[in-house]
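Below is one structure; the comments refer to it alone.
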Amino acid sequence: MHIYPFAISSLLFLISSPIIAGDAISANQAIDHPVTIPGSVINYLTKEIDSVYAECEEEGLIVSKAFEARPVELNSSVKALVVKPRSRCFCSNDECPMWVFDTLPQKAKVIFESSMAGLLTLSDKKTKGFPDIRVSGGLPSHGYEVRYVWDGTEYQEIYNQVWIWNPDRKCTEAEIEELKNGKWVKTSNVCLKV
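Quick note: to get this note's numbering, add 1434 to the position in the sequence shown (first position is 1).
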């Protein structure tokens, strides 16, 4: 009996527990039971390293070992992977780039990308049958939250909030941008009482 690598990676994909609504991936924690990253995703990451993360390439990193992946359950018909760096070279403080790939046989398509994320969470709320994605990070004194929804092809940003503690006002000041009726609406210096 001959076992093909694709069959093995497909089996591992099914055995590893997928990320489901309400689950989160942290930039600072290793993925439990990571799955093998398909060659098409490795090719994409290699190009990304060449153009954006050249300094990491200089450290002699092997792309297939520098990243880790976990299956994500977007809906019943789409197999996807969340991919994040295993190596801290790609990260800044407590945040790392993260991607979600639709893993079609022999091809991988990026359907979500965040250049820096502390935490990526799949929401219980769905848009067009796919869970919304929330990316957040920072500290209690300052941070951000960005929300994305499925547009039928990929995830699109619909909300972002940046906040910082203001000791003079004794509140957290926030700047919020929301996509409403196809236009971005900005609210500045909102005082969020804690």
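Heads up, the beta-carbon is just placed ideally off N, CA and C, and yes, glycines get one too. Predicted, not measured: the structure shown is a model, and the values here were computed from it.
Grouping DSSP H, G and I as helix and E and B as strand, with all else coil, what is S1511?
-> Translated into the one-based positions of the sequence shown, residue 1511 becomes position 77. Coil, per DSSP.
Can you pull the DSSP bridge partners for S1570?
-> Residue mapping note: residue 1570 aligns to position 136 of the sequence shown, counting from 1. S1570 pairs with L1553, E1579.
Whose CA, out of L1613, P1601, S1557, lies closest to the CA of L1626?
-> By 1-based counting over the sequence shown, the position of residue 1626 is 192. Answer by Cα proximity: P1601.
Alpha carbon to alpha carbon, what distance is there between K1614 and H1467?
-> Mapped onto the sequence shown, residue 1467 falls at position 33. Mapped onto the sequence shown, residue 1614 falls at position 180. Their backbone Cα atoms lie some 40 angstroms apart in a straight line.
Use the C-beta contact count for T1621: other C-beta atoms within 10 angstroms, 16 or more gives buried, fewer gives exposed.
-> For the purposes of this step, residue 1621 is identified with residue 187 of the sequence shown, where counting begins at 1. Under this definition T1621 is an exposed residue.
Assigned exposure category for L1508 - 16 Cβ within 10 Å defines buried | Sequence index remark: in the sequence shown, residue 1508 carries index 74 (1-based). Buried.
L1556 and V1506 closer than 9 angstroms at C-beta | Taking the first residue of the sequence shown as 1, we reach residue 1556 at position 122. Taking the first residue of the sequence shown as 1, we reach residue 1506 at position 72. With respect to V1506, L1556 sits close: the two C-beta atoms are nearer than 9 angstroms.
Do the CB positions of K1518 and E1502 come within less than 9 angstroms of each other?
-> Position 84 of the sequence shown, counted from the start, is the residue given in the question as residue 1518. Position 68 of the sequence shown, counted from the start, is the residue given in the question as residue 1502. In contact: K1518 and E1502 (Cβ atoms closer than 9 angstroms).
For I1476 and I1610, the rounded distance between their alpha carbons = Working through the sequence shown from its first residue, we reach residue 1610 at position 176. Working through the sequence shown from its first residue, we reach residue 1476 at position 42. Cα to Cα, I1610 sits roughly 36 angstroms from I1476.
Check whether L1538 and I1471 have beta carbons under 9 angstroms apart = In the sequence shown, counting from the first residue as 1, residue 1538 sits at position 104. In the sequence shown, counting from the first residue as 1, residue 1471 sits at position 37. For L1538 and I1471, no; Cβs fall outside 9 angstroms.
CB contact flag (E1612, G1571, <9 angstroms) = Reading the sequence shown from its first residue, position 178 is the one you call residue 1612. Reading the sequence shown from its first residue, position 137 is the one you call residue 1571. No, Cβ-Cβ distance for E1612 and G1571 is not below 9 angstroms.
Give the DSSP-derived three-state secondary structure of C1490 in the structure shown.
-> Here residue 1490 refers to the residue found at position 56 of the sequence shown. Residue state, collapsed to three classes: helix.
Under 8 angstroms Cβ to Cβ from D1457, same chain only, skipping five residues before and after it: list those, please.
-> As a working mapping, residue 1457 is identified with position 23 in the sequence shown. Excluding residues within five positions, the ones whose Cβ falls inside 8 angstroms are T1555, L1556.
Please go through the same chain and pick out, in chain order, the residues whose beta-carbon is closer than 6 angstroms to the beta-carbon of T1561, but skip the five residues on each side of it.
-> As a first step, residue 1561 is located in the sequence shown; it is residue number 127 there, counting from the start. So the qualifying residues of the chain are V1583, W1584.
Can you tell me whether DSSP reads S1548 as helix, strand or coil?
-> Here residue 1548 refers to the residue found at position 114 of the sequence shown. In the structure shown, S1548 sits in a strand (DSSP, three-state: E or B).
Could you have a look at A1461 and say whether DSSP puts it in helix, strand or coil?
-> Taking the sequence shown and counting its residues from 1, one reaches residue 1461 at position 27. Coil.
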